[in-house]
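Comments concern the structure below.
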Amino acid sequence: MEINTCSGAISLSRELENESAKFYQELSKRFEKDQELFLAFAKENEKYIKQIERAYYGVITDALEGCFAFDLNPEDYQFKNALPKDISYPDAVAEALNMEETMLRFCQTAAEQSKHLMADVPRSFTMVAKKRSERLSKLKSLLER
Amino acid sequence: MAILEEPIKGVKEVKNFINGEWVDSKGKIVDVVNPATGKVMGKCPISTKEEIHAAVEAAKEAFPDWRRTTPLARSRCLFRLKELLEENFEEVSRIQTMEHGKCIDESRGETRRGIENVEVACGIPTLMQGYYSEDIASGIDEWVIPTPMGVFGIIGPFNFPFMIPLWSAPYAVATGNTIVIKPSSEVPFSQMKLVELAEEAGFPPGVWNVVNGGRTVVDGMLEHKDIVGITFVGSTPTGKDVIYKRCGETGKRVIAQCGAKNFIVIMPDCNVPATIAAMMTSFFGNAGQRCLSGANLLVVGDDDKFYKNFLDQVCDMTSKIKVGYGLDEAIQMGPVRDKDKKANILRYIESGIKEGAKLILDGRKLKIVGDYPDTCFLNPTIFENVSPNMKIGSEEIFGPVMSVMRAKNLDQAIEICNANPFGNGDAIFTQSGRDARYFQYNVESGNVGINIGVVAPVAFFPFSGMKDSFYGVLHTQGKEAVRFFTESKVVIQRWF
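As they're listed, the protein sequences go chains A and B.
Numbering-wise (our numbering), the first sequence opens with residue 19 and increments by one.
Numbering-wise (our numbering), the second sequence opens with residue 729 and increments by one.
So, in structure tokens, the structure goes:
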């Protein structure tokens, strides 16, 4: 079912960030050489959840269009979060890149859909999207080493 | 998507809170029913006259000490209350959804707006400062001291059970008064939670009292000589003929915020997609049960193509609104509060059909998400070809019904708005600054929206209203509330 409410969008965001954090925790166990970086990503995800929730709880008002601010299909933002047992490092990083691209698309779409309707919430999604772009560059650089 | 956990399990008993104690009532007990699930979630007393008198007595006794408490110390209680409300934000919000039916985004929005009033009242040390003139005559000075007055009564409605008492309560206690709140007996739980937190925040016994009930409690407040003023939010017949009239007779201050029939004026140059999203919240948010809901959609101009295209899009989006239990995060509109209110809305729909309006979306055909009894549910309804003199075009329906009208030009639109006896929250959607200003200047409405569908003033602005929508002088919220809850004591001083 598509998500139209702000509450639903925030829950989806939390769910995706948590799944992504689990993926990086797993990655950090498999590939110890970049453990620090992957754990830092996982930790950042928690921060993103807090930032978006803080924005939502700070500006939510029955007077604006909280129940009509989004049109998101959760199926458009699914990604693999389980790593095959014997996956190689480049393939694992490629999976991370796929996931980040999905997350980036989610944040950009959520920001765009709610930009006139939800005050600080779209700004928070945009900020997280920017961080995700930076993360994509970092992941790409891992493949170029 | 998740269905959020209910914070109230089983059947909860409501008590009165008088002089810092939870007290059982001797009055009749009524069931409080969750309108979405149909389950009894609580028992609420209809308190007696003796019980309201006991609460007023406690508030009167607490007043002198509370008045002497410094504004800074009083504001610290409010700061603590604000902190506790943040900690309990989610529970308070879910309680509102359970008792009232509104969906979770709306409940959280209500909680936030309620807290904002506490935040504004935290500034009371500066908000209630007086002013001073030196040498009003040679060697004579004069100043004004805003002085607390005593015990105030606060009468809350069913549609915003948590927030509306907070338009008054924080300002009343911050300025040094004591209060007795009467929540609606249909939705008493969020006020129970609020007073529980107020006690924890450190308000002394007798400062913040709650007495549950109905007309007997209201009459008790109106008659009581020690109640110096009343704030009321509810229907126009009660606000005008009971509250305002009797407060006048007994010399009490009064704020009576009443009913509405709000017009949303659509100009052909509006931003259509953004306007349509705003229409959904305005007309169908809170299932249409708010005094700032859009009621009449007034499309301006003779461009039939624009009209048809706009209305088709409104109908399309409206028909997709997900109706169900508000704790389901996917839901965009909850039930109305109870079966009597639903029956009243159904009567209006039938009258619209009889009077010749065209029913283009029939909310009586229910489509509910989830397995819930249909007792209190309605889907959104849209009527076309409504005239301002039809019942559905002129009276407050207080439900999810949109009545669509047309006007030749903006002047005629304003004329139609102003001919209605209410004047609560009218809005215009346009990209023309000239038209927006012309509308704002000429429309007789207390709250005016420009590209805003629900014209709800934030806590540091007064919640206004005109004509049959408001009786009184000063309004709730912000600086006007501080003035309402204080008397100006003027001192003129000369030393020989």
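Ideal Cβ placement from N, Cα and C applies to all residues, glycine included.
Check                                                                                                                   : Outcome
Rounded separation between ALA1135/B and ALA1184/B - CA only                                                            : 26 Å
Spatial distance of ASN940/B from LYS1207/B (CA atoms)                                                                  : 29 Å
Cβ distance (whole Å) where GLY1151/B is taken to contact GLU1172/B below 8 Å                                           : 5 Å
Within chain A, partners of PHE817/B - CB distance below 7 Å                                                            : TYR75
Near-chain B residues of the region 74–93 of chain A (beta-carbon distance less than 9 Å), N- to C-terminal order       : TYR74, TYR75, GLY76, VAL77, ILE78, THR79, ASP80, ALA81, LEU82, GLU83, GLY84, CYS85, PHE86, ALA87, PRO92
Which of helix, strand or coil DSSP assigns to ASP759/B                                                                 : strand
Test: ASN1170/B CB closer than 8 Å to a CB of chain A                                                                   : no
Residues that CYS24/A contacts on chain C, provided the C-beta gap is smaller than 8 Å                                  : Going by chain labels, chain C is absent from the structure shown, which instead holds the protein chains A and B.
Cβ-based burial, SER1131/B [other Cβ within 10 Å; buried from 16]                                                       : buried
Sufficient close CB pairs (3 or more, under 8 Å) joining the region 770–790 of chain B to the region 749–758 of chain B : yes
Closer than 8 Å to chain A by CB, ARG796/B                                                                              : no
Buried/exposed call for PRO1001/B, threshold 16 Cβ in 10 Å                                                              : exposed
With 16 other Cβ atoms within 10 Å as the buried cut-off, status of ARG836/B                                            : buried
Three-state secondary structure assigned by DSSP to GLU870/B                                                            : strand
Backbone secondary structure at GLN1230/B - three-state DSSP                                                            : As displayed, chain B neither begins before 729 nor continues past 1224, which places residue 1230/B out of reach and without an answer.
Contact under 8 Å by Cβ, MET1061/B with PHE1012/B                                                                       : yes
Helix, strand or coil at SER912/B [DSSP, three-state]                                                                   : strand
Cα-Cα separation between LEU30/A and THR127/A, rounded to whole angstroms                                               : 13 Å
Below-8 Å beta-carbon distance, MET1008/B vs any chain A residue                                                        : yes
ALA786/B, DSSP secondary structure in three states                                                                      : helix
Within-8 Å CB hit, ILE21/A to chain B                                                                                   : yes
Where LYS103/A falls: helix, strand or coil (DSSP)                                                                      : coil
Residue span of the alpha helix (DSSP H) that contains GLY837/B, given as start and end                                 : 832–849
Residue-chain proximity (GLU1057/B, chain A), Cβ-Cβ < 8 Å                                                               : yes
Contact list for VAL1182/B against chain A, beta-carbon separation under 8 Å                                            : ASP80, ALA81, LEU82
Straight-line Cα distance separating ALA801/B from PRO764/B                                                             : Note that residue 764/B corresponds to Ala in the displayed sequence, not to Pro. Taking the straight line from one Cα to the other gives about 42 Å.
Continuous alpha helix (DSSP H) stretch holding SER1216/B: start and end                                                : Segment 1214–1222 is the beta strand (DSSP E) holding SER1216/B; no alpha helix (DSSP H) there.
Secondary structure of GLN126/A, DSSP reduced to three states                                                           : helix
Span of the beta strand (DSSP E), counted from its first residue to its last, around ASN91/A                            : Premise fails: ASN91/A is in no beta strand (DSSP E) and is neither H nor E.
Helix, strand or coil at LYS810/B [DSSP, three-state]                                                                   : helix
Every unbroken alpha helix (DSSP H) inside the region 1154–1186 of chain B [4 residues or more]                         : 1161–1170
Backbone CA spacing between GLU838/B and CYS831/B [nearest angstrom]                                                    : 11 Å
Within chain B, partners of LEU135/A - CB distance below 7 Å                                                            : ALA1005
Within 8 Å, strictly: CB atoms of ILE67/A and ARG123/A                                                                  : no
Every unbroken beta strand (DSSP E) inside the region 993–1036 of chain B [3 residues or more]                          : 1022–1028
Between the CA atoms of GLY1016/B and PRO1190/B - distance to the nearest angstrom                                      : 22 Å
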